[in-house]
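Okay, so here's the structure we're looking at.
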Ligand SMILES: Nc1ncnc2c1ncn2[C@@H]1O[C@H](COP(=O)(O)OP(=O)(O)OP(=O)(O)O)[C@@H](O)[C@H]1O
Ligand SMILES: [Mg+2]
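Residue numbers (full-length UniProt numbering), protein chains in the order written: chain A, 1 to 248; chain B, 1 to 324.
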């Protein structure tokens, strides 16, 4: 447990009568790519938001890199090296793609004074351009993010999660709405990050092919509780998972 | 800055230098107060247009600035000291008010700032020993700078123009710095901004306090301009007027509030010949504008430009609530 990048202990969260997450515990080791799957409404996003301080869990504890993150603000968590995306598309529509990406890094450089009196790009244009090229968005660099197609915005959204060089990245349905070629790209990109930077990933995704080929381990949620955990092959052949989620 | 916007700024500056020449005292006075209100509206534009926080207390901050500058100059100190104290003072008061107030947002924040404006009005009216009560303060001297006087109305216009340019430059600097980017991010998607390391609480507070300081700075110019200040000049209705300037001109655009202030202050002068009807005409024009272009005159201009030269625009089909 000491080696875990992320350690989740007995997290529960209800909304009124709905038990969205029930007593969930798991650990994620450094460099792992963990998949989180389950039917609609099984509590995946709620679990993410409890882990990342967006929601306050009713019970349980979360540790990231050995820090308890109980009431930590999302911005503090981000500074500890946690990047994320939301299930809902979240870019800044009236800002250029470049500005979106720079924003995602600027709070990690210098201090309040340098951010007011220093250069207006916080010295990040080069780094941002590299990331933009990495996600193959060069031709859209100066467009308003809000004018891009859904899939393109999705990629900008994902790219933002990487700008600050996080050690742990949580992605909520990164593949939704992204076309097949781009999906292959995206997987390749995540794998490259994982290989080159040792970045740890937790990925929620409904696209089974994507999850099965990307992840080293998979956790299956159903009605807020973990019903199975294992390698992609183990999950594929698990009867309980087939019944609850994969179907036939 | 693009070459086009540099050129535009230069032309505008030259126009601002030439426009009062040969005009009577009254016109010059109206032009000067347009510049002063432009500075106050710039501040509200930062808070509202860039950072997305509504404030209905900008006139109160102008008032605080005006009284601080008046008291300091009446005590015999130079006006510059009063100006700096007015901005510093309103910045701090902005922080103090914002700290509790910014925990609420949207229409709640509107109510809190509205109440603050009323409170400031009452303090200015009731604390006679300091503020002169409802008689106000009179006789604030117009400052001299190294032998240059600002005594005549034309001189004072140019003095105000210099301060206007300084304020505009500071504003431009701020909104184009990483702070400005964080302000915009706060307006567009605070939750996402927070998840990317933006301390949204601090950045909201700063936007509010800086916007207030612009109000204070404008108030400090008001003191020697009118040389008579009383609480009524800074009542809530004037906060609405400044809000109208920002909204009519175009919130979130650099030149928006300047244009808006021109419309709100100068248009009534132009419509004066219609006598009793001017308020009705004026109100109808504002309503038509808001229906046609909620992003104000600059927004309307952009719409027109986009029709002539189509380009990429923000999609309407993926706005909040219609995303998935
Ligand atoms: N803010 C909320 N208020 C009330 N109920 C909520 C809230 N958020 C989630 N829920 C409920 O919690 C349950 C789990 O929702 P959650 O969004 O975590 O599911 P999910 O596994 O991410 O589903 P999907 O795959 O469709 O994204 C659902 O029944 C949902 O209605
Ligand atoms: Mg979800």
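We put the CB at the ideal spot given by N, CA and C, even for glycine. None of the values given here were measured: they were computed from a predicted structure.
Cβ-heavy atom distance, residue i to ligand 2, below 6 angstroms
| i | result |
| --- | --- |
| residue 126 of chain A | no |
Distance, residue j Cα to residue i Cα
| i | j | result |
| --- | --- | --- |
| residue 193 of chain A | residue 32 of chain B | 58 angstroms |
| residue 123 of chain B | residue 307 of chain B | 51 angstroms |
| residue 264 of chain A | residue 92 of chain B | Because chain A is modelled from 1 through 248, residue 264 of chain A falls outside the range shown and cannot be assessed. |
| residue 108 of chain A | residue 293 of chain B | 38 angstroms |
| residue 105 of chain A | residue 196 of chain B | 8 angstroms |
| residue 142 of chain B | residue 152 of chain B | 9 angstroms |
| residue 3 of chain A | residue 107 of chain B | 48 angstroms |
| residue 217 of chain A | residue 199 of chain A | 15 angstroms |
| residue 102 of chain B | residue 251 of chain B | 20 angstroms |
| residue 231 of chain B | residue 63 of chain B | 7 angstroms |
| residue 204 of chain B | residue 36 of chain B | 25 angstroms |
| residue 102 of chain A | residue 239 of chain A | 46 angstroms |
| residue 168 of chain A | residue 160 of chain A | 13 angstroms |
| residue 142 of chain A | residue 97 of chain A | 6 angstroms |
| residue 218 of chain B | residue 269 of chain B | 21 angstroms |
| residue 83 of chain B | residue 185 of chain B | 31 angstroms |
| residue 244 of chain A | residue 65 of chain A | 33 angstroms |
| residue 248 of chain B | residue 288 of chain B | 11 angstroms |
| residue 250 of chain A | residue 82 of chain A | As shown, chain A starts at 1 and ends at 248. That puts residue 250 of chain A outside it, with no answer to give. |
| residue 233 of chain B | residue 105 of chain B | 27 angstroms |
| residue 267 of chain B | residue 278 of chain B | 9 angstroms |
| residue 236 of chain A | residue 28 of chain A | 21 angstroms |
| residue 305 of chain B | residue 63 of chain A | 53 angstroms |
| residue 323 of chain B | residue 90 of chain A | Residue confidence for residue 323 of chain B is low, a pLDDT of 33 falling below 50, so the modelled location carries little weight; the figure read from the coordinates is stated next. Taking the straight line from one Cα to the other gives about 10 angstroms. |
| residue 73 of chain B | residue 259 of chain B | 31 angstroms |
| residue 198 of chain B | residue 116 of chain B | 28 angstroms |
| residue 212 of chain B | residue 225 of chain B | 20 angstroms |
| residue 284 of chain B | residue 243 of chain B | 17 angstroms |
| residue 222 of chain B | residue 130 of chain B | 18 angstroms |
| residue 70 of chain B | residue 220 of chain B | 7 angstroms |
| residue 134 of chain A | residue 174 of chain A | 16 angstroms |
| residue 76 of chain B | residue 126 of chain B | 24 angstroms |
| residue 188 of chain A | residue 263 of chain B | 55 angstroms |
| residue 45 of chain B | residue 98 of chain B | 16 angstroms |
| residue 59 of chain A | residue 167 of chain B | 51 angstroms |
| residue 38 of chain B | residue 42 of chain A | 54 angstroms |
| residue 137 of chain A | residue 174 of chain B | 28 angstroms |
| residue 160 of chain B | residue 34 of chain B | 10 angstroms |
| residue 88 of chain B | residue 58 of chain B | 15 angstroms |
| residue 73 of chain A | residue 190 of chain B | 13 angstroms |
| residue 5 of chain A | residue 53 of chain A | 16 angstroms |
| residue 15 of chain A | residue 55 of chain A | 11 angstroms |
Cross-chain neighbours of residue i in chain A, by beta carbon under 7 angstroms
| i | result |
| --- | --- |
| residue 4 of chain B | The premise fails here: residue 4 of chain B is roughly 16 angstroms from chain A at the closest Cβ pair, so nothing lies under 7 angstroms. |
| residue 176 of chain B | 120 |
Proximal chain B residues relative to residue i, where beta-carbon distance stays under 7 angstroms
| i | result |
| --- | --- |
| residue 278 of chain A | This structure cannot speak to residue 278 of chain A, because chain A is shown only from 1 to 248. |
| residue 99 of chain A | 181 |
| residue 106 of chain A | 178, 181 |
| residue 115 of chain A | 177, 178, 179 |
Under 8 angstroms from the C-beta of residue i: neighbouring residues of chain A
| i | result |
| --- | --- |
| residue 185 of chain B | 92, 95, 103 |
Contact test: residue i Cβ vs ligand 3 heavy atom, cutoff 6 angstroms
| i | result |
| --- | --- |
| residue 80 of chain A | The model depicted lacks ligand 3 and carries ligand 1 and ligand 2 instead. |
Closer than 7 angstroms to chain D by CB, residue i
| i | result |
| --- | --- |
| residue 158 of chain B | The chain inventory of the structure shown lacks chain D, comprising the protein chains A and B. |
**Prompt:** Which residues, in order along the segment 74–85 of chain A, keep a beta-carbon less than 7 angstroms from a beta-carbon of chain B?
**Reply:** 74, 75, 78, 79, 84
**Message:** Residues around ligand 1, please: the ones whose beta-carbon is closer than 6 angstroms to some heavy atom of it, in chain order.
**Reply:** A/15, A/18, A/20, A/38, A/40, A/41, A/42, A/43, A/44, A/45, A/46, A/87
**Item:** Contacting positions in the segment 45–69 of chain A - beta carbon closer than 8 angstroms to chain B
**Value:** 52, 54
**Request:** Quick one: which residues of the segment 189–221 of chain B get their C-beta closer than 9 angstroms to a C-beta of chain A? List them in chain order.
**Result:** 189, 191, 192, 193, 194, 195, 196, 197, 198, 199, 200, 201, 202, 206
**Prompt:** Which residues, in chain order, does the segment 148–182 of chain A contribute to contact with chain B at a C-beta distance below 7 angstroms?
**Reply:** Residues 150, 160, 164.
**Proximal residues, the segment 39–64 of chain B versus chain A, C-beta separation under 7 angstroms** = none
**Request:** Name, going along the chain, the residues of the segment 293–305 of chain B whose beta-carbon falls closer than 9 angstroms to a beta-carbon of chain A.
**Result:** none
**Request:** With 9 angstroms as the C-beta to C-beta threshold (strictly closer), list the residues of the segment 220–239 of chain A near chain B in chain order.
**Result:** none
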